[in-house]
């Protein structure tokens, strides 16, 4: 009975975030008279929140393992500064500079991961110290001034769009849309349906419980409808943003890592029950070390994208990014105690924050009201997580 209740509570937690996201989108669409879902605005939401979404992918892994990272905003700043120095001042080719920047992010992650995994210092303390250290290093590298402009390919990755490789196709009253973008959207939907169907079939083959077929079909149709709306609107504007293509690849790769790879299962095991994970032979120290290395690399990637979007690396870059990434993970269904969470959920949580920011900006809300709403949403998400656990226990 307890296992059944726990399974249902997990389903409520995982599905509730998508229902909440849909309701928030509908609400702001009404409040903005449809401006929220206009092609250009959807593109703006994706581009403006891309670096937070990248950070949330790394953050969800750390939170699943039962840790936290408060330094990612400062790491974004210092790696953006490193990229600017390499590309602008030293004139290195941008691919080489990008690789060196990602390596620098990995080294930063390894530095913090060592103290956490092998020295036993709590992640909260290590990354809090890192937040100060790397912000100071940013000011040192930049000399308390901005460095730019960045090469065109870096700016294209941050702000650019795919070319219309196959031309446009008419969509009746919606006008013309990029055919290549529509094909990519169709492939995404096909892959999503195939993956979900195979997963359901596999669970049935092992005589595991699955949701009713009607619910399964409704979820697939809803997800497909969301993809269709987003892709069509983007195809009507300036095609797919390159940063969205990058995000899609990251989400696919990390979803496979967390669901199919041994390393991903070890992360869940560590967060779910540390003692059991140790007794089962998992090298806990090594896993924790590498998830912080991964966080450093993703923070470096976000740093390059953020600096490329602004076309300048500045000393204040990345301020409060760690709070947005953590909020995205928790709003997206991560458990406070660890062991629960999904990459897609973290992306959804980040998009919820982005839609709130964008929607309230469109209706002219002051910044303090935006922070108020975001704080309430975060508190509600964590309270919902605690409530579902208590309900399952009872």
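In my numbering, the protein residues as written are -16 to 377.
Note that CB positions come from ideal geometry on N, CA and C, so glycine has one too.
Range covered by the beta strand (DSSP E) that runs through residue i
| i | result |
| --- | --- |
| residue 152 | 151 to 153 |
DSSP bridge partner residues for residue i (one or two, in chain order)
| i | result |
| --- | --- |
| residue 296 | 130 |
| residue 144 | 224 |
Euclidean distance between Cα positions of residue i and residue j
| i | j | result |
| --- | --- | --- |
| residue 6 | residue 214 | 20 Å |
| residue 364 | residue 4 | 12 Å |
| residue 374 | residue 366 | 12 Å |
| residue 112 | residue 353 | 29 Å |
| residue 200 | residue 342 | 30 Å |
| residue 297 | residue 91 | 19 Å |
| residue 345 | residue 190 | 49 Å |
| residue 57 | residue 149 | 41 Å |
| residue 311 | residue 357 | 10 Å |
| residue 28 | residue 121 | 27 Å |
| residue 103 | residue 59 | 25 Å |
| residue 1 | residue 351 | 26 Å |
| residue 123 | residue 129 | 12 Å |
| residue 246 | residue 94 | 21 Å |
| residue 12 | residue 96 | 43 Å |
| residue 270 | residue 320 | 17 Å |
| residue 324 | residue 53 | 19 Å |
| residue 202 | residue 181 | 15 Å |
| residue 216 | residue 20 | 8 Å |
| residue 166 | residue 317 | 33 Å |
| residue 260 | residue 48 | 11 Å |
| residue 51 | residue 73 | 35 Å |
| residue 63 | residue 248 | 32 Å |
| residue 279 | residue 110 | 11 Å |
| residue 326 | residue 212 | 22 Å |
| residue 228 | residue 105 | 35 Å |
| residue 10 | residue 336 | 14 Å |
| residue 68 | residue 147 | 34 Å |
| residue 183 | residue 118 | 47 Å |
| residue 174 | residue 243 | 16 Å |
| residue 232 | residue 226 | 10 Å |
Burial state of residue i (16 or more Cβ within 10 Å)
| i | result |
| --- | --- |
| residue 196 | exposed |
| residue 33 | buried |
| residue 108 | exposed |
| residue 277 | buried |
| residue 361 | buried |
| residue 305 | buried |
| residue 258 | exposed |
| residue -10 | With a pLDDT of 46 at residue -10, under the threshold of 50, the modelled position of this residue cannot be trusted, and the question is left open. |
| residue 39 | buried |
| residue 236 | exposed |
| residue 381 | This structure gives no information on residue 381, because the portion of the chain shown stretches from -16 to 377. |
| residue 35 | buried |
| residue 421 | Residue 421 lies beyond the residue range present for the chain, which begins at -16 and ends at 377; the question has no answer from this structure. |
| residue 262 | exposed |
| residue 186 | exposed |
| residue 379 | The chain is shown from -16 up to 377; residue 379 falls before or after that span and cannot be answered. |
DSSP-derived helix/strand/coil call for residue i
| i | result |
| --- | --- |
| residue 136 | helix |
| residue 324 | coil |
| residue 161 | strand |
| residue 195 | coil |
| residue 224 | strand |
| residue 319 | coil |
| residue 15 | coil |
| residue 52 | coil |
| residue 0 | helix |
| residue 231 | helix |
| residue 335 | helix |
| residue 348 | coil |
| residue 238 | helix |
| residue 263 | coil |
| residue 374 | helix |
| residue 174 | helix |
| residue 34 | helix |
| residue 103 | coil |
Proximity test, Cβ basis, 9 Å: residue i and chain B
| i | result |
| --- | --- |
| residue 73 | Absent from the structure is chain B; it holds one protein chain and no more. |
Residue range of the alpha helix (DSSP H) that includes residue i
| i | result |
| --- | --- |
| residue 97 | 77 to 100 |
| residue 62 | 55 to 67 |
| residue 27 | 22 to 31 |
| residue 124 | 106 to 125 |
| residue 71 | Counting along the chain, residue 71 falls outside any alpha helix (DSSP H), and DSSP gives it neither H nor E. |
| residue 247 | 245 to 255 |
| residue 415 | Since the first residue shown for the chain is -16 and the last is 377, residue 415 is missing from the structure and cannot be characterised. |
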